[in-house]
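First comes the structure, then the notes that go with it.
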Amino acid sequence: MKNAKELLSAYKAGHCTEEEKQQVEKWFLLNGAGKISDLSDRDFLYAENDMWSMIQQNKVVAAPVRKKLYARISIAASILVVMSFSAYHFLLKPDRITEQFPVNDIAPGGNKAVLTLANGKKISLTDADNGELVQQQGIKVIKDTAGRVIYEMVASAKNTDLPIRYNTISTPNGGRYEVLLPDGSRVFLNAATTITFPTSFYRQKERKVTLSGEAYFEVAHNKSVPFKVEMNSQQIEVLGTHFNANNYEDEPSVRTTLLQGSVKVLTSGGQVILQPEQQALLINGKLNVKKVDAQSFIDWKNNIFSFNDADIQAVMRQLSRWYDVKVEYKGKIPKEHITGYISRDVPISKTFLMLEEISDMKYTLNDKKIIVSF
Numbered sequence: 004m005k006n007a008k009e010l011l012s013a014y015k016a017g018h019c020t021e022e023e024k025q026q027v028e029k030w031f032l033l034n035g036a037g038k039i040s041d042l043s044d045r046d047f048l049y050a051e052n053d054m055w056s057m058i059q060q061n062k063v064v065a066a067p068v069r070k071k072l073y074a075r076i077s078i079a080a081s082i083l084v085v086m087s088f089s090a091y092h093f094l095l096k097p098d099r100i101t102e103q104f105p106v107n108d109i110a111p112g113g114n115k116a117v118l119t120l121a122n123g124k125k126i127s128l129t130d131a132d133n134g135e136l137v138q139q140q141g142i143k144v145i146k147d148t149a150g151r152v153i154y155e156m157v158a159s160a161k162n163t164d165l166p167i168r169y170n171t172i173s174t175p176n177g178g179r180y181e182v183l184l185p186d187g188s189r190v191f192l193n194a195a196t197t198i199t200f201p202t203s204f205y206r207q208k209e210r211k212v213t214l215s216g217e218a219y220f221e222v223a224h225n226k227s228v229p230f231k232v233e234m235n236s237q238q239i240e241v242l243g244t245h246f247n248a249n250n251y252e253d254e255p256s257v258r259t260t261l262l263q264g265s266v267k268v269l270t271s272g273g274q275v276i277l278q279p280e281q282q283a284l285l286i287n288g289k290l291n292v293k294k295v296d297a298q299s300f301i302d303w304k305n306n307i308f309s310f311n312d313a314d315i316q317a318v319m320r321q322l323s324r325w326y327d328v329k330v331e332y333k334g335k336i337p338k339e340h341i342t343g344y345i346s347r348d349v350p351i352s353k354t355f356l357m358l359e360e361i362s363d364m365k366y367t368l369n370d371k372k373i374i375v376s377f
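Count along the sequence shown starting at 1, add 3, and that's the number in this note's numbering.
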């Protein structure tokens with residue numbers, strides 16, 4: 004039986020048997036890789052290199068090594084590595100591939116959010132047409148063709164002392180959204196996230212926003228006006244940088260992960276300054292710093308679940324928010340950990356199909372409830 008590297012090489016060279024060809028194509032297509040004919044030689048090379056690297060390191064599932072792979076290639080690489088170590092599941096049990104998905108399958112999340120204006124009026128960004136949504140005291144709020152919200156100051160308002168007004172954008176479970184703040188900073192909101200911010204930073208001494216949930220920030224540089232993110236138990240201060248902030252209430256820690264520049268993380272118990280590829284973790288009031296693969300912590304922005312030695316419950320929390328489901332457990336939850344990629348663009352049944360193959364879990368779907376059994 005060919006291992007994963009041999010199988011992929013044979014497929015590229017056109018030397019696969021019909022059964023092997025079907026297995027490769029089913030796994031690419033099944034997990035959101037798109038049409039396999041769309042994959043370039045470079046894409047295959049990346050997948051093969053990552054796959055073989057993991058095999059040599061005796062990893063069971065692909066770890067997030069390459070930082071800038073397309074989602075479909077990351078998924079493909081992880082699938083093929085799993086195939087090499089779990090051939091029994093993937094090559095000897097074709098019935099697992101062709102089984103029917105449940106009728107009440109749940110679609111993945113998408114662009115969903117609600118904008119709350121300073122006067123309390125709510126606008127569904129999910130349903131709003133592209134174009135100008137509202138103008139509030141010299142500030143235009145626009146939904147562009149990419150589906151994001153942009154704040155623009157009307158030219159005539161630049162010489163006016165505008166009162167500070169705050170807007171809030173909230174994503175539900177199963178939602179995500181992008182907003183371009185008044186200073187040009189880009190913010191990507193994950194599911195179940197709320198951000199509150201001034202409608203203008205004009206003539207202010209600082210740019211302060213409040214966050215609950217998870218967001219990735221690309222802060223516009225302004226040396227004279229620092230950018231601050233207030234969370235429930237800490238504050239992040241920056242001048243211009245790229246970082247991810249996570250403070251979901253159901254997570255055991257508050258995480259700040261730096262990709263570019265530097266940030267200062269302040270808590271009641273102290274402060275730290277992060278450098279790229281570092282993460283600050285606030286656990287039970289104690290602040291720690293560790294080195295991480297920072298890119299893996301923003302894979303969600305590119306619609307990828309990226310699990311890095313995550314326990315079952317951590318995985319389920321991500322799935323619960325993205326698919327808007329409640330999770331219940333039956334049996335003793337094992338201490339196993341999961342590492343690898345799964346596309347967030349696929350229905351929940353396909354996500355669990357992958358998880359079932361690399362873990363001891365089984366699942367049943369009952370309306371909006373997932374029952375995970377061991």
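No residue lacks a Cβ here, since even glycine has one placed at the ideal position from N, Cα and C.
Endpoints, the beta strand (DSSP E) within which Thr196 is located
No beta strand (DSSP E) holds Thr196; DSSP gives it neither H nor E.
Helix, strand or coil, according to DSSP, for Met319 in the structure here?
Helix, per DSSP.
Any contact between the stretch 310-330 and the stretch 271-280? By contact I mean 3 or more CB pairs, one from each, below 8 Å.
No contact exists between the stretch 310-330 and the stretch 271-280.
Assign Glu389 to one of three DSSP states: helix, strand, or coil.
Residue 389 is absent from the structure shown; the chain starts at 4 and stops at 377.
Best match in Gln281, Ile153, Leu290 and Arg258 for proximity to Val190 [C-alpha to C-alpha]
Taking only the C-alpha atoms, the option nearest Val190 is Ile153.
Nearest residue (CA-CA) to Arg210, options Ala194, Gly187 and Phe310:
That would be Gly187, whose Cα lies nearest to the Cα of Arg210.
Measure how close the beta-carbons of Asn333 and Lys372 come, nearest whole angstrom, since I'm counting them as under 8 Å.
Per the sequence shown, the amino acid found at residue 333 is Lys instead of Asn. The Cβ separation is near 12 Å, so there is no contact.
At what residues does the alpha helix (DSSP H) containing Leu358 begin and finish?
Its alpha helix (DSSP H) spans residues Ile351 to Glu360.
Considering only residues of the same chain and omitting the five flanking positions on each side of Ser173, which have a CB-CB separation below 6 Å?
Cβ within range, chain order: Val117 and Thr197.
Drop a sphere of 10 angstroms on the beta-carbon of Tyr91, count the other beta-carbons inside from all chains shown, and report buried for 16 or more, exposed for fewer.
With a pLDDT of 30 at Tyr91, under the threshold of 50, the modelled position of that residue is not reliable, and no figure is offered here.
Among the residues of its own chain, which have a CB less than 6 Å from the CB of Val292, if the five just before and after it don't count?
Correct list, in chain order: Val275, Gln281 and Ala283.
Which word fits Val182, buried or exposed, when buried means at least 16 other C-beta atoms lie within 10 angstroms of its C-beta?
Buried: at least 16 other Cβ atoms inside 10 Å.
Just tell me which of Thr171, Ala218 and Ile374 has its CA closest to the CA of Pro201.
When only C-alpha atoms are compared, the closest one is Thr171.
Lys231 vs Glu221 beta-carbon contact at 8 Å
Going by C-beta atoms, Lys231 is not nearer than 8 Å to Glu221.
Helix, strand or coil for Glu9? Go by DSSP, reduced to three states.
Looking at Glu9 - three-state DSSP - the assignment turns out to be helix.
For the stretch 305-318 against the stretch 342-360, do three or more pairs of beta-carbon atoms, one drawn from each stretch, fall closer than 8 Å, so that the two count as touching?
As far as the Cβ criterion goes, the stretch 305-318 touches the stretch 342-360, which means the pair count is three or higher.
Looking at C-alpha atoms only, which residue of Arg258, Lys289, Ala317 and Asp370 is the closest neighbour of Val295?
Closest in C-alpha terms to Val295, from the list Arg258, Lys289, Ala317 and Asp370, comes Arg258.
Which residue wins for smallest C-alpha separation from Glu135, given the options Lys146, Ile351 and Thr129?
Cα-wise, what sits closest to Glu135 is Lys146.
Consult DSSP for Ser299 and reduce its assignment to one of helix, strand or coil.
Three-state result, Ser299: helix.
Enumerate in chain order the residues of its own chain whose CB-to-CB distance from Phe204 is below 6 Å, with the five nearest sequence positions on each side excluded.
These residues qualify, in order along the chain: Pro185, Asp186 and Arg210.
Apart from the five residues on each side of it in sequence, which residues of its chain come closer than 7 Å, Cβ to Cβ, to Thr20?
If we look at Thr20 and ignore the five residues flanking it on each side, it has no Cβ neighbours.
The beta strand (DSSP E) that contains Arg258, what's its start and end?
Looking at the DSSP string, the run of the beta strand (DSSP E) that includes Arg258 is Val257 to Gln263.
Can you tell me whether DSSP reads Tyr91 as helix, strand or coil?
Residue placement at Tyr91 is flagged as unreliable, the pLDDT there being 30, under the threshold of 50; the coordinate-derived value follows with that caveat. The DSSP-derived three-state label of Tyr91 is helix.
Per DSSP, Leu128 is paired with what?
According to DSSP, Leu128 shares a beta bridge with no other residue.
Can the beta-carbon of Asn133 be found closer than 8 Å to that of Arg179?
For Asn133 and Arg179, no; Cβs fall outside 8 Å.
Could you name the residues that DSSP lists as bridge partners for Val152?
Paired residue(s): Lys146 and Val182.
Where does Asn305 sit, in a helix, a strand or coil, going by DSSP?
Correct three-state label for Asn305: helix.
If I measure Cβ to Cβ from Asn369 and keep anything under 7 Å in the same chain, skipping five residues before and after, which residues do I get?
Residues of the same chain with their beta carbon placed closer than 7 Å to that of Asn369 are lacking, with the five preceding and five following residues left out of the count.
For Gln316 and Asp363, the rounded distance between their alpha carbons
It is roughly 13 Å from the alpha-carbon of Asp363 to the alpha-carbon of Gln316.
Nearest neighbour of Tyr169, chosen from Ile142, Tyr251, Gln140 and Thr199 [CA to CA]
Looking at the Cα atoms, Thr199 is the closest of the given residues.
By the DSSP assignment, the beta strand (DSSP E) with Ile345 in it spans what residues?
Ile345 -> beta strand (DSSP E) spans His340 to Ser346.
Determine the direct distance from the alpha carbon of Gly17 to that of Asp253, and round the result to whole angstroms.
Rounded to whole angstroms, Asp253 to Gly17 spans 49 Å at the Cα level.
Taking only the alpha-carbon atoms, compute the straight-line gap between Asp130 and Ser12 and give it to the nearest angstrom.
So the two alpha carbons sit approximately 46 Å from each other.
Starting from the Cα of Pro229, find the closest Cα among Asn247, Ala218 and Ser265 and give me that residue.
Per the Cα distances, Ser265.
Under three-state DSSP, which class holds Lys371?
In the three-state DSSP reduction, Lys371 falls in the coil class, being neither helix nor strand.
Suppose the cutoff is 6 Å on Cβ atoms and the five residues either side in sequence are ignored; what does the same chain contact list for Ile341 look like?
Phe310, Ala313 and Val318, listed in sequence order.
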